[in-house]
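All residue numbers for the sequence shown refer to the numbering used here, where the first residue is 225 and numbers rise by one.
Ideal Cβ positions, reconstructed from N, Cα and C, are used throughout, including at glycine.
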Amino acid sequence: MEVGAENSSSDEGGYALKPLDLKVNAEKTAEAEAQRPTWSGRLEFILASVGYAVGLGNVWRFPYLCYSSGGGAFMIPYLIMLILCGIPLLFMEFAIGQYTRLGPVHALAKICPLLKGVGLATVVISFVFSTYYNVLMSWALFYLFNSFGATLPWMSCNNTWNTVGNCSNGFPGNATHLQSASQQFFDHRLLEKTSGIEEAGGLRWELFGYLVISWVIVYLCIFKGVKSTGKVVYFTAVFPYFILFALLINNVQLPGAKNGILYFVTPVWSKLFEVKVWVNAAAQVFNSIGIAFGSMISMASYNKFNNNILRDTLIVSFANSFTSIFAGFVIFSAIGYMAHIHNLPVDNIATDGPGLVFVVYPEVLSTMPVFQLWAPLFFFMLLCLGLDSQFATVEVAITFIKDEFGPIILRFLKREELLALAVCVLGFILGIPHVTKGGIYVFQLMDHYTAVVSLMFLAFFEVVAVCWIFGVPRISLMVKRMLGKTPNIFFRVCWMLFCPMLVLCILISSIIQYTPVHYGKYTYPVWAEWVGWGISLVSIVWIPLGAIQEICNNKGSLLQRHKTAMISKVDLDAEDSLPEKQNLDNPASEILLTSVA
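Right, dumping it as structure tokens:
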């Protein structure tokens, strides 16, 4: 937080030690806290961060990636990348948010004015992400409500939506002309899928209704800001673990489960010599924790100034990795059971992405004993996993609007709850194309060009802005102001060297390995790919625009303007003068460094 006007007006004077008036400064602290709400307790922030980091990707992405990248051997590059890149960058984002008490836009604009566009880009990418991520919640609701019945509708081929000639009860194995009943339920009942993105096919009114319900749930959980979100995450962040534990206990008792787990964990050491495996490990750590989406900065900005973010960083990182590995055991024990039933190899069934949780696992559930219990619990778990990730991404946009236009917006809308409503309504409207009959193609296009293409560009420029331009010494000083001690040499080396280099490697690799978007065997037309690149530019373009605007606003020669644009506006020297940064319970805080005329 910036120094108050009473201190900034004393340019003529020096600094002197003055006795601290505890009563007056306590009142100022309360006033400062009132200007920006804080989490009711430390546990709320931890649960919100864990809930955001632990999402659907932990269930459908990591297990398959681990299996296909060397099984147990993949844990070596994964843990190395977590330690060298994931944990330091999460610590860095927590430090930025908590110290500045600002959302990503204003925090990064103060840290590095030249790259202030990075902050706005993170808000844009988070909001774009939230418009299609909530579609997954509508799918989960659809499956949830269809799982309350004597039989599950995806169990057989005797339904109106089935194509009888190529429908198979169970997985068809190598018979490529056949589709499983669960695949046809997904394609023809849930999506009513058209032949391509060229054919929108009209709205799927059922999914439209479930999308409305999804956004209503999101709004009811965030409309009071951190005060309401902090209460909801006690359930949404914790409940999925009970379901995962229950599913694992059930699954390991099924025949074939052991073979599935062995497929998941058996190390293939030769994979460690493939560069792609190491890049995949780094990308998985990066995407799973949620770096560069702005959500972690935004949530940390609601912390009290002296909150122990190092402890929180380790807890969130460990919980995220533990959940990914644990979900792997749950998923592959079930896949092993399915392979046993159909007498197929595990790799014929294993897949990743939405197909794992909306096609493969529903088929597994339909063959389990007491499926009437496990099916609703599984889809309710997916709903919880997705919702708290959705809360955080929507909150990024709301935080930015409050920070930038707060007084103006409140004069117009009168109440903050209406601001949250307006953001949710806009997100809902932008999500409508995904619930048309051709919506799956729009969804795949958005996901590919947002989560794959744009994110690594933003991440690289964020790391450059903070670690190299703002500088590791300043980050260390920020942490020292909050925690009372400088980060150890490990974090400083990671920020200076390993993090920028690893992010750059991931960016270069993603460019080299770039493949045009596709959905199954469907290839997108050229115009759709151009639309995809346009979606990417919607967020990326703010980086050069912000730099140009900052340089043009400065005075002097081009070189002088450039140098001025790289000067941080975070006043680290005077931050100690803020009353809220004092430990009022400590006798040593009886003196305060203040500015005098």
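- Residue burial annotation: phenylalanine 582 is buried, with at least 16 other C-beta atoms found within 10 angstroms of its C-beta.
- Rounded to whole angstroms, arginine 716 and valine 703 show a C-alpha spacing of 11 Å.
- For cysteine 381, the secondary structure class from DSSP, reduced to helix, strand or coil, is coil.
- Here the stretch 585 to 598 makes no contact with the stretch 618 to 637; the two share fewer than three CB pairs at distances below 8 Å.
- For the 9 Å CB-CB criterion, cysteine 718 and proline 312 form a contact.
- In the structure shown, tyrosine 561 adopts helical secondary structure according to DSSP, grouped into three states.
- Bridge partners of threonine 623 according to DSSP: none are assigned.
- With a threshold of 16 other beta carbon atoms within 10 Å, asparagine 504 meets it and is buried.
- In this model, asparagine 383 and phenylalanine 366 are separated by some 17 Å (Cα to Cα).
- In the three-state DSSP reduction, glutamine 737 falls in the coil class, being neither helix nor strand.
- Around the beta carbon of tryptophan 692, fewer than 16 other beta carbons lie within 10 angstroms, which makes this residue exposed.
- For glycine 484 and asparagine 474, the gap between their C-alpha atoms comes out near 14 Å.
- Taken through DSSP and simplified to helix, strand or coil, serine 404 comes out as strand.
- Take the alpha-carbon of glutamine 259 and the one of glutamine 614: they are about 25 Å apart.
- Nearest to lysine 709 by C-alpha distance, out of Ile533, Ser678, Leu339, is Ile533.
- In this chain, the alpha helix (DSSP H) harbouring glutamate 774 covers 766 to 777.
- Here lysine 793 is near alanine 333, since their CB atoms are less than 9 Å apart.
- Of all alpha-carbon atoms in Ile625, Gly265, Leu271, Trp263, the one lying nearest the alpha-carbon of aspartate 612 is that of Leu271.
- Judged by beta-carbon spacing, alanine 345 lies within the 9 Å limit of serine 763, meaning their Cβ atoms are closer than that value.
- With fewer than 16 other CB atoms across the displayed protein chains lying within 10 angstroms of its CB, asparagine 712 is exposed.
- Residue nearest to leucine 538 within the set Thr262, Trp263, Ser273 is Ser273 (criterion: CA-CA distance).
- Rounded to the nearest angstrom, the Cβ distance from methionine 670 to serine 734 is 17 Å, too far for a contact under 8 Å.
- The C-beta distance from alanine 771 to leucine 280 rounds to 35 Å, too long to fall under 8 Å, and the pair is not in contact.
- Two segments are said to touch when three or more pairs of C-beta atoms, one from each, lie closer than 8 Å; by this definition the stretch 490 to 501 touches the stretch 296 to 306.
- The C-beta of tyrosine 738 has fewer than 16 other C-beta atoms within 10 Å across all chains shown, which makes the residue exposed.
- Relative to tryptophan 766, the option among Ala551, Val329, Ala481 whose CA is nearest is Val329.
- Taking all protein chains shown into account, tryptophan 757 has fewer than 16 neighbouring C-beta atoms within 10 Å of its C-beta and is therefore exposed.
- Selection Phe369, Phe410, Glu423 evaluated against tyrosine 434 yields Phe369 as nearest (Cα-Cα).
- Contact annotation: alanine 616 and serine 522 have beta-carbon atoms nearer than 9 Å.
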